[in-house]
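Peer 1: For reference, the structure I am asking about is given below.
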Amino acid sequence: MPLALFALTISAFAIGATEFVIVGLIPVIAQQLHITLPSAGLLVSLYATGVAIGAPVLTALTGKIPRKWLFCGLMTLFIIGNLLAWQATSYNTLVIARILTGLAHGVFFSIGSTIATSLVPKEKAASAIALMFSGLTVALVTGVPLGTWIGQTFGWQETFLAMSLLGVIALVSSLLLIPTQIHHTAPASFHQQLAVLTHPRLLLVYAKTALGYGGTFTAFTFLAPILQKISGFSAGSVSLILLIYGVSVAVGNIWGGKLADQKGVLPALKILFAGLAIVLFSLTFTAGNQITALLTVLIWGAFSFGNVPGLQVLVVKQAQRFTPKAVDVASGLNIAAFNVGIALGSIVGGTVVRHLALIDTAWVGCLIVLTALVLTFISEYLERRDKTQYVQS
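Under my numbering, think of the first position of the sequence shown as 29, with each following residue one higher.
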């Protein structure tokens, strides 16, 4: 693999760590900025909103810019956003900083895959993309707990300074290693993107993605305060628990892909959504004991991101079948749906915390995931009906 791929991987690590590290910092940010937990939770949803907007809209608007310089520009925006967060003394400034970094995130993953595949022969394209996305997995395993520890030890602003330093390393690596001449096709027009968004079968996949992650992040956004206020863990223990969660996510991601290969995508998604719903419901009762809470979080990690491979494969298959000229657009919009789910989940979670209780985010998240499970059964019914009609014809 060319060294330029490692520049992409480092960038993915920095961006992934920045998106999710906020989860571990919510209690300390709420305390120091004198805001409520729901207001702090909005920092998760606002970032995800920036990603959801940035992926389709800014990718189309920047289609004529050479890939290397666009990529370096995105990393510069990422650094500026994190430096702004580092210097933030008010909630509003932190909000602006999160939106800026979210916009960079959205376009990064839209063009990162294109750059990765252009660096290797066609037969190694999947491996190149997998290497780049491994930066996200490593970020969940190491970057998020490390960033949480930095924030709890030295102050939450210092976490964003660390993220900006990661961005500088990624920017320098990109300038040195990514070639200037990278071939790329023109991005899909807004009209083509709209066509993808209006097809019922693709909308069904996007709904499953948004609801599946919406349910997870209804509770996950407030995991740190749940662990501290209900389970009784110290603030320092939260970073270690997030490390365990990240390892579980990495294992669950691999397991989810193998499950989809063995049983088929829709049967695997049924298992994963059902398991996720059960875990979230169980958290309502297990959070009050440290041992059971820790075990629940460990299992939760395996289920929460295990459906990523299946959902991505499903959206590509449906796009190849119904909108074959816009497969890349359809795949990219599934990433946007993922972040729409994160945004809506954190908003719903904040509403629950405001009007009910902190632990109620768990069973409310369960109900949202169950909706995704129902949609999966509907998808399976439609597929069986299509096969029957095809045989009869």
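All residues carry an ideal CB built from backbone N, CA and C; glycine is no exception.
Quick caveat: nothing in here was measured; it's all calculated off a predicted structure.
#1: Out of Val368, Leu147, Ala330 and Glu186, point me to the one whose CA is closest to alanine 238's CA.
#2: By how many angstroms is the C-alpha of alanine 190 removed from the C-alpha of isoleucine 143?
#3: Can you check which of these residues, Glu408, Leu225, Ala42 and Thr320, is closest to isoleucine 197 by C-alpha distance?
#4: Ignoring anything shorter than 4 residues, give me the alpha helix (DSSP H) runs that lie fully in the region 152-210, in order along the chain.
#5: For proline 94, tell me which candidate among Leu159, Gly140 and Ala223 has the shortest Cα-Cα distance.
#6: CB-CB under 7 Å to threonine 404, same chain, minus the five flanking residues each way: which ones, in chain order?
#7: Using the rule of at least 16 other Cβ atoms within 10 Å of the residue's Cβ for burial, across every protein chain shown, is threonine 249 buried or exposed?
#8: Less than 8 Å between the C-beta atoms of glycine 82 and glycine 44, yes or no?
#9: Just to confirm, is the Cβ distance from threonine 246 to glycine 373 under 8 Å?
#10: Buried or exposed for leucine 53, going by 16 or more other Cβ atoms inside 10 Å?
#11: Which whole-angstrom value describes the C-beta separation of valine 233 and leucine 339, a residue pair presumed to lie in contact below a C-beta threshold of 8 Å?
#12: On the DSSP letters alone, give me the boundaries of the alpha helix (DSSP H) that valine 293 sits inside.
#13: Alanine 125 to valine 279, Cα distance in whole Å?
#14: Anyone know if the C-beta pair for leucine 74 and isoleucine 127 falls short of 8 Å?
#15: Between the alpha carbons of isoleucine 387 and serine 359, how many angstroms are there, rounded?
#16: How do the region 390-405 and the region 305-318 stand: do at least 3 beta-carbon pairs fall below 8 Å, yes or no?
#17: Which whole runs of the alpha helix (DSSP H) in the region 31-76 are 4 residues long or more, in chain order?
#18: Looking at valine 277: is its Cβ nearer than 8 Å to the Cβ of glycine 329?
#19: Using only CA atoms, which one of Tyr273, Leu287 and Trp97 lies nearest to alanine 431?
#20: Quick one: what does DSSP say glycine 260 is sitting in, helix, strand or coil?
#21: Would valine 224 pass as a contact of leucine 61 if the rule is Cβ separation under 8 Å?
#22: Go ahead and label alanine 40 buried or exposed: buried means 16 or more other beta carbons lie within 10 angstroms of its beta carbon, across all protein chains shown.
#23: Helix, strand or coil for phenylalanine 106? Go by DSSP, reduced to three states.
#24: When the Cα of arginine 349 is compared with those of Leu86, Gly292 and Glu411, which residue comes out closest?
#25: Would you mind reading off the limits of the alpha helix (DSSP H) that contains valine 148?
#26: With DSSP collapsed to three states, give me the class of threonine 416.
#27: Here's the rule I'm using: 16 or more other beta-carbon atoms within 10 Å means buried, otherwise exposed. How should alanine 68 be labelled?
#28: For lysine 96, does the three-state DSSP call read helix, strand or coil?
#29: What first and last residue would you give for the alpha helix (DSSP H) that runs through proline 84?
#30: Does the beta carbon of leucine 122 come closer than 8 Å to any beta carbon on chain B?
#31: Which one of Asn335, Ser259, Gly377 and Gly334 has the shortest CA to CA distance from leucine 323?
#32: In terms of residues, what are the limits of the alpha helix (DSSP H) holding leucine 23?
#33: Can you tell me whether asparagine 281 is buried or exposed, with buried defined as 16 or more other CB within 10 angstroms of its CB?
#34: Given that a residue counts as buried once 16 or more other Cβ atoms are within 10 Å of its Cβ, and exposed if not, what is glutamine 59?
#35: Check this for me: beta carbons of leucine 203 and leucine 33, under 8 Å apart or not?
#36: Quick check on DSSP: helix, strand or coil for glutamine 115?
Peer 2: The relevant details are as follows:
#1: Of the candidates Val368, Leu147, Ala330 and Glu186, the one whose C-alpha sits nearest the C-alpha of alanine 238 is Val368.
#2: Take the alpha-carbon of isoleucine 143 and the one of alanine 190: they are about 26 Å apart.
#3: Closest by alpha carbon: Ala42.
#4: Segments of the alpha helix (DSSP H) lying fully in the region 152-210: 153-166, 172-182 and 184-205.
#5: Taking only the C-alpha atoms, the option nearest proline 94 is Gly140.
#6: Same-chain partners within the cutoff: Lys236, Leu294, Leu297, Lys298 and Phe301.
#7: Around the CB of threonine 249, 16 or more other CB atoms lie within 10 Å, so the residue is classed as buried.
#8: Not closer than 8 Å, so no.
#9: Against a cut-off of 8 Å, the Cβ pair of glycine 373 and threonine 246 comes out as a contact.
#10: Classification of leucine 53: buried, given that the 10 Å Cβ count is 16 or more.
#11: Right, the Cβ-Cβ distance comes to about 7 Å (below 8 Å), so this counts as a contact.
#12: Segment 293-314, the alpha helix (DSSP H) holding valine 293.
#13: Approximately 32 Å, taken between the alpha carbons.
#14: Yes, these two residues count as a Cβ contact at 8 Å.
#15: Their Cα atoms are separated by approximately 34 Å.
#16: Contact check between the region 390-405 and the region 305-318: three or more CB pairs, one atom from each, fall below 8 Å, which counts as touching.
#17: Fully enclosed alpha helix (DSSP H) runs of 4 or longer: 32-60.
#18: Against a cut-off of 8 Å, the Cβ pair of glycine 329 and valine 277 comes out as a contact.
#19: Outside the modelled stretch of the chain, which goes from 29 to 421, sits residue 431, for which no answer is possible.
#20: Secondary structure at glycine 260: coil, using DSSP grouped into helix, strand and coil.
#21: The criterion of a C-beta distance shorter than 8 Å is not satisfied by valine 224 and leucine 61.
#22: Counting Cβ neighbours within 10 Å, alanine 40 comes out buried, since at least 16 surround it.
#23: DSSP places phenylalanine 106 in the helix class (H, G or I) of the three-state scheme.
#24: Looking at the Cα atoms, Glu411 is the closest of the given residues.
#25: Looking at the DSSP string, valine 148 is not in any alpha helix (DSSP H), and its letter there is neither H nor E.
#26: Three-state DSSP puts threonine 416 in a helix.
#27: Buried, since its Cβ has 16 or more Cβ neighbours within 10 Å.
#28: Lysine 96 carries a helical assignment under DSSP once its states are collapsed to helix, strand and coil.
#29: Per DSSP, proline 84 belongs to no alpha helix (DSSP H) and is neither H nor E.
#30: Of the protein chains in this structure there is only one, and it is not chain B.
#31: For leucine 323, the closest alpha carbon among the candidates Asn335, Ser259, Gly377 and Gly334 is that of Ser259.
#32: Nothing can be reported for residue 23: it is not among the residues displayed for the chain, which extend from 29 to 421.
#33: Buried, since its Cβ has 16 or more Cβ neighbours within 10 Å.
#34: Answer is exposed; the Cβ neighbour count stays below 16.
#35: No, Cβ-Cβ distance for leucine 203 and leucine 33 is not below 8 Å.
#36: Assigned with DSSP and collapsed to three states, glutamine 115 falls in coil, not helix or strand.
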